[in-house]
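Chains as they are written, first to last, in our numbering: chain A, 525 to 737; chain B, 2 to 100. Even for Gly, the Cβ is constructed at its ideal location relative to N, Cα and C. A short worksheet on the structure shown next.
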């Protein structure tokens, strides 16, 4: 399918060019031009685009019968939220999302999907039950949360301009959030050791499981 | 763009993740839905940080990402170990960690 590949390459090049141009403009400190697309500005239109992408990805995760489609929907949802972080002036966290979530967690999930075989049998791999109860839960929770989000008059502070946040985050980590920062490193160390322990128990077959408490 | 819309989107994401956790029976999909809920929380934190104009929300969102990565590593190791020993990932059938 060379034609499909060409289309995808062109699309990817467009996206990369757009992000690069936007990043260069923002690095120069330029204010985004107010391109009007009907009643929506450019940022509004992009927000709705990324929000739709996130929403579709999340719906795919929760509703798809194929577990691999769920993983790819998670990819779309994570990329959508990562793009929205950029709009929220959180450039460092957007890149962290890209590196840790999409580059790390999602690849781990895909590994787990592939390693647990029998994924082709949809009935076994991804059964769902209680759709009525789930729908009732959705109806019970989401309107309340959305109503709170939209109807509450959050304090109206005029947002600052988009600026790099890395320096402020570094200062915050080493002053106010120093203890949680060190605790996070402890959590990661515990994770490392825990993963090694879990993986190691499978290899010991000559010993009875004395370590299991 | 107002902060309200970001928070509303986060509410939708959280609701979808919650329903997925309750409805889906596959351990891996439950796991993915938990990641969705963590992302919704992160989006809320960042929306409020943008609105309030300080970095505390960014710091907390960073910790959430770190904890989610740790959870992914250990959780997926457990998922694979459970699948090896029992041959199923249905959370109703895997009711206990021992034996």
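The beta carbon of residue 66 of chain B falls within 8 Å of a beta carbon belonging to chain A, placing the residue at that interface.
Secondary structure note for residue 572 of chain A: its alpha helix (DSSP H) is the uninterrupted segment 566-587.
Cβ contact annotation for residue 599 of chain A (same chain, cutoff 8 Å, sequence separation greater than five): 581, 626 and 630, in chain order.
Any Cβ of chain A closer than 8 Å to the Cβ of residue 79 of chain B would place that residue at the interface, and such an atom is present. Ranked by how close their Cα comes to the Cα of residue 42 of chain B, the residues B:22, B:27 and B:9 have B:9 in first place. Cα atoms of residue 528 of chain A and residue 709 of chain A: separation of roughly 44 Å, rounded to the nearest angstrom. Closest option to residue 715 of chain A, judged by alpha-carbon separation, among B:68, B:59, B:94 and B:55: B:68. Look at the beta carbons and you see the segment 51-58 of chain B touching the segment 691-710 of chain A: at least three pairs across the two are nearer than 8 Å. At a cut-off of 8 Å, the C-beta of residue 70 of chain B has a neighbouring C-beta in chain A. In chain order, 598 and 629 make up the part of chain A whose C-beta sits under 7 Å from the C-beta of residue 36 of chain B. The alpha carbon of residue 601 of chain A has as its nearest neighbour, out of B:92, B:18 and B:22, the alpha carbon of B:18.
Interface with chain A (8 Å Cβ-Cβ cutoff): residue 96 of chain B is excluded. Within chain A, the residues placing a beta-carbon under 8 Å from that of residue 20 of chain B are 586, 658, 659, 661 and 662, ordered along the chain.
Remark: C-beta atoms of residue 595 of chain A and residue 637 of chain A approach each other more closely than 8 Å. Under DSSP, residue 91 of chain B shares a beta bridge with B:27.
The CB of residue 75 of chain B comes closer than 8 Å to the CB of 715, 718, 719 and 722 in chain A, given here in chain order. Only buried fits residue 45 of chain B, as 16 or more other CB atoms lie within 10 angstroms of its CB.
In the structure shown, residue 654 of chain A falls within a coil segment according to DSSP collapsed to helix, strand and coil. In this structure residue 38 of chain B touches residue 15 of chain B by the C-beta definition: roughly 5 Å separates them, less than 8 Å.
Residue environment: residue 723 of chain A is assigned as exposed (fewer than 16 neighbouring CB atoms within 10 Å of its CB, all protein chains considered).
DSSP, read as helix, strand or coil, puts residue 54 of chain B in coil. When DSSP states are grouped into helix, strand and coil, residue 527 of chain A belongs to the helix group.
Residue 573 of chain A has its alpha-carbon roughly 20 Å from the corresponding atom of residue 531 of chain A.
Per DSSP, the unbroken alpha helix (DSSP H) holding residue 595 of chain A starts and ends at 591-611. Cβ-Cβ distances below 6 Å link residue 605 of chain A to 578 in the same chain, with the five nearest sequence neighbours on each side left out; the list follows chain order. Taking 8 Å as the cut-off, the Cβ atoms of residue 52 of chain B and residue 701 of chain A do not count as close.
For the pair residue 35 of chain B and residue 620 of chain A, the CB atoms are not nearer than the 8 Å cut-off. Going by beta carbons, residue 689 of chain A and residue 616 of chain A fall inside the 8 Å limit. If you ignore the 5 residues before and after residue 27 of chain B, its C-beta comes within less than 6 Å of the C-beta of 90, all in its own chain and listed in chain order.
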